[in-house]
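With our numbering applied, the sequence shown covers 19 to 347.
Quick reminder that beta carbons are idealized off the backbone N, C-alpha and C, glycines included.
No experiment lies behind these values; they were computed from the predicted model shown.
Here the structure comes first, spelled out in structure tokens, and everything after it is commentary.
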Amino acid sequence: MKIAVFSCKPYDKRTLNHYISGTDFEMTFFESRLSQETISLVQGFDAVSCFVNDDVNSEVICQLKQQGVNTIALRCAGFNNVDLDTAKQQGMKVFHVPDYSPTSVAEHAVALIMTLNRKTHRAYHRVKEGNFALEGLLGFNLQGKTVGCIGTGRIGAAFCHIMKGFGCEVLCYDLSPSQELIDQGCQYQPLDDIYQKSDIISLHCPLNTATHHLINKQSLQKMKDGVMIINTSRGALVHAQEAIDALYSGKIGYLGLDVYEQENKIFFEDMSSHIIQDSVFQLMLTFPNVVVTGHQGYFTDEALNHIAATTVANLQLSQTPNPQQRRLA
């Protein structure tokens, strides 16, 4: 089987090469994203492997099928960038990696909380310049604070467990409550109650029509003044411009983002020598109470190995008559 691997970085290549050892798979690695502009690269391949910012829309899927591709192996859990309806119509097999060390993303969400609260990023630069003054670095105790977790799948559950360890009161919202979390002392409450009661709100829900721009002007008005919002899930859960307005007014006191709605034009690339052509993103970076990381929440050794191993396993499954495990279409 010949596989075209898109959005591939050196670390992806290393782990994938390790796991295809001993198989009959032949992988060709492309740093470019899969899109209508790069579709010509798939000629002669049986399968493609894609990541979070590849554009696997209806037109791309139809062209993949025309060129003989029959399998799409996503190296991520989310699949909002794939037109699954078209994939099913075209008889295309689509697989994903439903979980890859949920702890890694949960821990990164906590890292954003700690950084914003205790201002370690600012303290680091101060000390480098010989400035050991504490003014401007005041934080607060996490113990006793109310933390709202929206979405309690594998990652959200791991996040709740960590925050309980800090001594926080954890409020949860999910369409499918977890008895395990309830047994740990977490409380499931209506979304509006979480908005009104939480000092910190962390997003761990999927992106769909119901959650698109979940954090917007209307939901923000229901929150405490100075609320901390963390998003390590999907960029479009947060309306960026309305979040900026809330930063100006003080409604949002802290904002930690590992994802951004327009990140496909920015993240996973070295943009240090370029002018980023996104005025909303550039403005967001100017706030001292905003911390943005480049979709690195998943980026641990354990997660990379799990992603590679599961992707190769999915490609092997695709060669069986009617695979169902981890299959989306």
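Q: Starting from the Cα of Met19, find the closest Cα among Met302, Gly40, Asn75, Thr311 and give me that residue.
A: As a first step, residue 19 is located in the sequence shown; it is residue number 1 there, counting from the start. Out of Met302, Gly40, Asn75, Thr311, Gly40 has the C-alpha closest to the C-alpha of Met19.
Q) In this structure, what does DSSP give as the bridge partners for Gly274? A) For the purposes of this step, residue 274 is taken as residue 256 along the sequence shown, with counting starting at 1. Paired residue(s): Ile248, Val309.
Q: Count the CB pairs spanning the region 253 to 266 and the region 225 to 240 that are closer than 8 Å, and state whether there are at least three.
A: The region 253 to 266, when compared against the region 225 to 240, does touch it at the 8 Å Cβ threshold.
Q.
Using a Cβ-Cβ cutoff of less than 6 Å, which residues in the same chain neighbour Ala151 once the five nearest sequence positions on both sides are dropped?
A. Counting from 1 along the sequence shown, the entry for residue 151 is found at position 133. Within the same chain, no Cβ atom closer than 6 Å to the Cβ of Ala151 is found once the five residues on either side in sequence are excluded.
Q. What whole-angstrom Cβ distance do Leu52 and Asp72 have, given they're in contact under 8 Å?
A. Here the question's residue 52 lines up with position 34 in the sequence shown. Here the question's residue 72 lines up with position 54 in the sequence shown. Distance from Leu52 to Asp72 at the Cβ level is roughly 4 Å; contact confirmed, criterion being Cβ atoms closer than 8 Å.
Q) Looking only at C-alpha atoms, which of Phe69, Gln54, Glu55 sits nearest to Phe47? A) Translated into the one-based positions of the sequence shown, residue 47 becomes position 29. For Phe47, the nearest C-alpha among the options comes from Phe69.
Q: Between the Cα of Cys190 and those of Tyr206, Ser196, Phe184, Leu199, spot the shortest distance and give me the residue it belongs to.
A: Position 172 of the sequence shown, counted from the start, is the residue given in the question as residue 190. Comparing Cα positions, the closest option is Tyr206.
Q. Nearest to Leu238 by alpha carbon, out of Pro224, Ser251, Asp211?
A. Reading the sequence shown from its first residue, position 220 is the one you call residue 238. Nearest option by C-alpha distance: Asp211.
Q: Determine, using beta carbons only, whether Phe24 and Ser50 come nearer to each other than 8 Å.
A: The residue labelled residue 24 in the question sits at position 6 within the sequence shown. The residue labelled residue 50 in the question sits at position 32 within the sequence shown. Contact flag set, yes.
Q | Span separating the alpha-carbon of Pro28 from that of Met181 | A | Walking along the sequence shown from the start, residue 28 turns up at place 10. Walking along the sequence shown from the start, residue 181 turns up at place 163. When rounded, the distance between both Cα atoms is 34 Å.
Q.
Just to confirm, is the Cβ distance from Ser67 to Tyr316 under 8 Å?
A. For the purposes of this step, residue 67 is taken as the residue at position 49 of the sequence shown. For the purposes of this step, residue 316 is taken as the residue at position 298 of the sequence shown. Contact: no.
**Q.** For Ala22, the three-state DSSP class (helix, strand or coil)
**A.** Here residue 22 corresponds to residue number 4 of the sequence shown, with the count starting at 1. It is a strand residue.
Q.
Among the candidates Pro224, Pro120, Gly148, whose CA atom is the shortest distance from the CA of Ile168?
A. Numbered from 1 along the sequence shown, position 150 holds the residue referred to as residue 168. If we check each option's Cα against that of Ile168, Pro224 comes out closest.
Q) Looking at Thr133 and the ligand FMN, is the gap between the Cβ and the nearest heavy atom below 7 Å? A) You won't find the ligand FMN in this model; it holds no ligand whatsoever.
**Q.** Meets three-Cβ-pair contact criterion under 8 Å: the region 296 to 303 and the region 272 to 287
**A.** Of all C-beta pairs linking the region 296 to 303 to the region 272 to 287, three or more are shorter than 8 Å, placing the two stretches in contact.
Q: Might you give, ordered along the chain, the residues of its own chain that have their beta carbon closer than 6 Å to the beta carbon of Thr164, omitting 5 neighbours on each side?
A: Numbered from 1 along the sequence shown, position 146 holds the residue referred to as residue 164. Closer than 6 Å at Cβ, skipping near neighbours: Glu187, Lys215, Ser216, Asp217.
Q. Between Glu260 and the rest of its own chain, which residues show a CB-CB distance below 6 Å, the 5 nearest in sequence each way excluded?
A. Within the sequence shown, residue 260 is the residue found at index 242, counting from 1. Excluding residues within five positions, the ones whose Cβ falls inside 6 Å are Asn234, Lys235.
Q: Assuming Met246 contacts Ile131 (C-beta within less than 8 Å), just tell me the rounded distance between them.
A: Within the sequence shown, residue 246 is the residue found at index 228, counting from 1. Within the sequence shown, residue 131 is the residue found at index 113, counting from 1. Ile131 and Met246 do touch by the CB rule: their CB atoms are close to 7 Å apart, below 8 Å.
Q) Taking the alpha-carbon positions, what's the Asn75 to Ser291 distance? A) Within the sequence shown, the letter at position 57 stands for residue 75. Within the sequence shown, the letter at position 273 stands for residue 291. Their backbone Cα atoms lie some 31 Å apart in a straight line.
Q.
Rounded to whole angstroms, what is the Cα-Cα separation between Gln85 and Arg172?
A. Position 67 of the sequence shown, counted from the start, is the residue given in the question as residue 85. Position 154 of the sequence shown, counted from the start, is the residue given in the question as residue 172. Note on geometry: alpha-carbon atoms of Gln85 and Arg172 lie some 37 Å from one another.
(Q) Could you compute how far the alpha carbon of Gly244 sits from the alpha carbon of Gly268? (A) Taking the first residue of the sequence shown as position 1, residue 244 is located at position 226. Taking the first residue of the sequence shown as position 1, residue 268 is located at position 250. Answer to the nearest angstrom: the Cα atoms are 6 Å apart.
Q | Beta-bridge partners of Asn46, as assigned by DSSP | A | Counted from its first residue, the sequence shown places residue 46 at position 28. Sequence check: residue 46 is Thr here, not Asn. Paired residue(s): Ala22.
Q: Would you mind stating whether Ala22 and Ser336 have Cβ atoms separated by less than 8 Å?
A: Along the sequence shown, read from residue 1 onward, the residue named residue 22 stands at position 4. Along the sequence shown, read from residue 1 onward, the residue named residue 336 stands at position 318. Not closer than 8 Å, so no.
Q: Kindly identify the DSSP beta-bridge partner or partners of Glu187.
A: Locating residue 187 in the sequence shown gives position 169, counting from the first residue. The bridge partners DSSP lists for Glu187 are Thr164.
Q. Exposed or buried, what is Met45 when buried is set at 16 or more other beta-carbons lying within 10 Å of its beta-carbon?
A. Here residue 45 corresponds to residue number 27 of the sequence shown, with the count starting at 1. So Met45 counts as buried.
Q | Opposing strand residues paired with Leu221 [DSSP bridges] | A | Position 203 of the sequence shown, counting from 1, holds the residue named residue 221. In DSSP, Leu221 forms a bridge with Ile168, Asn249.
Q.
Can you give me the C-alpha to C-alpha distance between Asn307 and Ala264, rounded to a whole angstrom?
A. Translated into the one-based positions of the sequence shown, residue 307 becomes position 289. Translated into the one-based positions of the sequence shown, residue 264 becomes position 246. About 12 Å.
Q: State the Cα-Cα distance for the pair Leu155 and Phe113, rounded to the nearest angstrom.
A: Locating residue 155 in the sequence shown gives position 137, counting from the first residue. Locating residue 113 in the sequence shown gives position 95, counting from the first residue. Rounded to whole angstroms, Leu155 and Phe113 show a C-alpha spacing of 46 Å.
Q.
Taking 8 Å as the threshold (C-beta atoms), are Leu160 and Phe184 in contact?
A. Reading the sequence shown from its first residue, position 166 is the one you call residue 184. Reading the sequence shown from its first residue, position 142 is the one you call residue 160. In terms of Cβ geometry, Phe184 and Leu160 form a close pair [threshold 8 Å].
Q. Between Val330, Ala347, Tyr118, Asn340, which lies nearest to Ile38 when the distance is taken from Cα to Cα?
A. Within the sequence shown, the letter at position 20 stands for residue 38. Comparing alpha-carbon positions, the option among Val330, Ala347, Tyr118, Asn340 lying closest to Ile38 turns out to be Val330.
Q.
Per DSSP, what are the beta-bridge partners of Thr89 in this structure?
A. Locating residue 89 in the sequence shown gives position 71, counting from the first residue. Beta-bridge pairing links Thr89 to Ala65, Lys111.
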